[in-house]
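Novice: Before we start, here is the structure in question, set down as structure tokens.
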Amino acid sequence: MTDLLLRDGRPWMPGQPLDTADLLLRDGRIAQIGANLEAAGVETLDLDGALVLPGFVDTHCHLDKTLWSGPWVPNTGGRSLAGRIANGENRRAELGIPRADYSAALLATMIAGGTAHVRSHIDIDPSVGLAGVEAVRTAAERHRGRVDVELVAFPQGGLVRRPGTAELLDEALSGGVEVVGGIDPAGFDGDPTGQLDIIFGLAERHGAKIDIHLHDGGSLGAWEFELIIERTKATGLGGRVTISHAYAMGALPADEQRRIADRLAEAGVAMVTCAVGDAPVVPLRVMHAAGATLALGNDGIRDLWTPYGDGDMLRRIGTVAFRDRLLADEEIELALTAGTLGGARVLGLTDHGIGVGGRADLVTVDAATPAAAVVGVPTRKLVLKGGRVVARDGQLAD
Ligand SMILES: [Zn+2]
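Residues in the sequence shown are numbered from 10 upward in steps of one, following the numbering used here.
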């Protein structure tokens, strides 16, 4: 492992002044931060006052579904959840997805944009089986050392209503998939208790984490938050359970949002928001005030669900900040925190972030402040993973 001295950067460490400092990277970690560091024989890179951010964490995407780098495919998904799910399944074979080449091409773009960690949901059902797991594992292997990829065994087509899927999730988890997924236990699967029985049972049996897509809105969605919180407390899985999208949260009255955020924090249940379309965003200020974990992700990126998306987490952080109407610098930094340190908490990474001993997963940009970086989305000058430069000026380094 090559050591590296980064000269004259401005490391972002929330709560501390944005002072110019050197960072000494040794064995993939940050060994020292300070002024005028000396390290004989160590290669030096001059940052010229660039802002230094922790690597971005894309906590919610769908690498198996993407058509990235392939021919343009006009969207035929329609606007209903059930219709989009059916369209996604029906056109997979024709378009040759999941496909490792597409997933790998998208990962390359994500890495060049500064993403260090990815959690990808992978569709599993009796028709596609575990093909998505294989394809995305192949893609991640091509980028080993540039990005870490965690997989979610995701029953996109339903769990209770789709016989054979639970057995496939079990098989995926036996094969090392780290997280068990779920989808609208009430609104789509029609049996909230039944779906949560399966998911929490699998998580306990395999030591897996949980990440449930929850699009259900209004009082139905809010009721499902409570179900998941109660299950988490009953099973002792606090810190390992995530509710993705949680659209109901963004649309509830403010006092109800605060009450639920307190409950999430107490139970150790996180939320992930992606600012998809016009769907409500989980309120960042409320989650922060409660001390509840919030992370961000790109969700679908140029796939059968949406023609949009570019895999750029810094742009997504800015989109979330815009949608949640974060205006003051310290508010905008809440989005940056969610897109870096919040994601790390969801993934269970204890050494992510800029500090002595932390993993040297870093991004440098020319921007006056972290808020200016979120709003301006500047080119990533350097992307480092484990202390090694993996991208420069928006392009993979090798
Ligand atoms: Zn999703």
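For every residue, glycine included, the Cβ atom is placed at its ideal position computed from N, Cα and C. Only a predicted model underlies this, so the values are computations on that prediction, with no experimental measurement involved.
If you scan the stretch 300-366 from start to end, which runs of the beta strand (DSSP E) of 3 or more residues do you find wholly inside it?
Specialist: Along the length of the stretch 300-366, whole beta strand (DSSP E) runs at least 3 residues long occupy 303-305, reported in chain order.
Novice: Is it buried or exposed for proline 379, if we count other Cβ within 10 angstroms and need 16 for buried?
Specialist: buried
Novice: Count the other C-beta atoms from every protein chain shown that fall within 10 angstroms of the C-beta of asparagine 99, then say buried if there are 16 or more, exposed otherwise.
Specialist: exposed
Novice: At a cut of 8 Å, does the stretch 38-54 reach the stretch 291-302 through at least three beta carbon pairs?
Specialist: no
Novice: Quick one: what does DSSP say histidine 254 is sitting in, helix, strand or coil?
Specialist: coil
Novice: Straight-line CA distance for glycine 37 to glycine 86?
Specialist: 43 Å
Novice: Please report the straight-line C-alpha distance between alanine 231 and leucine 139, rounded to a whole angstrom.
Specialist: For alanine 231 and leucine 139, the distance between alpha carbons rounds to 32 Å.
Novice: Is DSSP giving alanine 30 helix, strand or coil here?
Specialist: strand
Novice: What is the DSSP secondary structure of arginine 132, reduced to helix, strand or coil?
Specialist: Correcting the residue identity first, residue 132 is aspartate in this sequence and not arginine. Strand at aspartate 132.
Novice: State the DSSP-derived secondary structure class of leucine 371, mapped to helix, strand or coil.
Specialist: strand
Novice: Go ahead and label alanine 263 buried or exposed: buried means 16 or more other beta carbons lie within 10 angstroms of its beta carbon, across all protein chains shown.
Specialist: exposed
Novice: Can you name, in chain order, every residue of its own chain whose Cβ lies under 6 Å from the Cβ of arginine 354, other than the five neighbours on each side?
Specialist: Thr302
Novice: Could you pull out every residue in the same chain whose Cβ sits closer than 6 Å to the Cβ of asparagine 84, ignoring the five residues on either side in sequence?
Specialist: Pro316
Novice: Going by the C-beta, is aspartate 308 closer than 6 Å to any heavy atom of ligand 1?
Specialist: yes
Novice: Would you report the Cα separation of glutamate 339 and valine 158, rounded to the nearest angstrom?
Specialist: 30 Å
Novice: Where do the ends of the alpha helix (DSSP H) carrying aspartate 206 lie?
Specialist: 201-215
Novice: Using 10 angstroms around the beta-carbon of glutamine 404, count the other beta-carbons present and answer buried if the total reaches 16, otherwise exposed.
Specialist: exposed
Novice: Quick check on the DSSP output: the beta strand (DSSP E) that includes leucine 54 runs from which residue to which?
Specialist: Annotation for leucine 54: the continuous beta strand (DSSP E) segment containing it runs 52-55.
Novice: Can you give me the start and stop residues for the alpha helix (DSSP H) that threonine 388 sits inside?
Specialist: Here threonine 388 belongs to no alpha helix (DSSP H), and DSSP marks it neither H nor E.
Novice: Can the beta-carbon of glycine 50 be found closer than 7 Å to that of valine 372?
Specialist: no
Novice: Counting C-beta neighbours from all protein chains within 10 Å, is the total for glutamine 25 16 or more, i.e. buried, or is it exposed?
Specialist: exposed
Novice: Tell me the DSSP secondary structure of aspartate 157 in three-state form.
Specialist: strand
Novice: Alpha carbon to alpha carbon, how far is valine 82 from aspartate 423? Give it in angstroms, no decimals.
Specialist: Outside the modelled stretch of the chain, which goes from 10 to 407, sits residue 423, for which no answer is possible.
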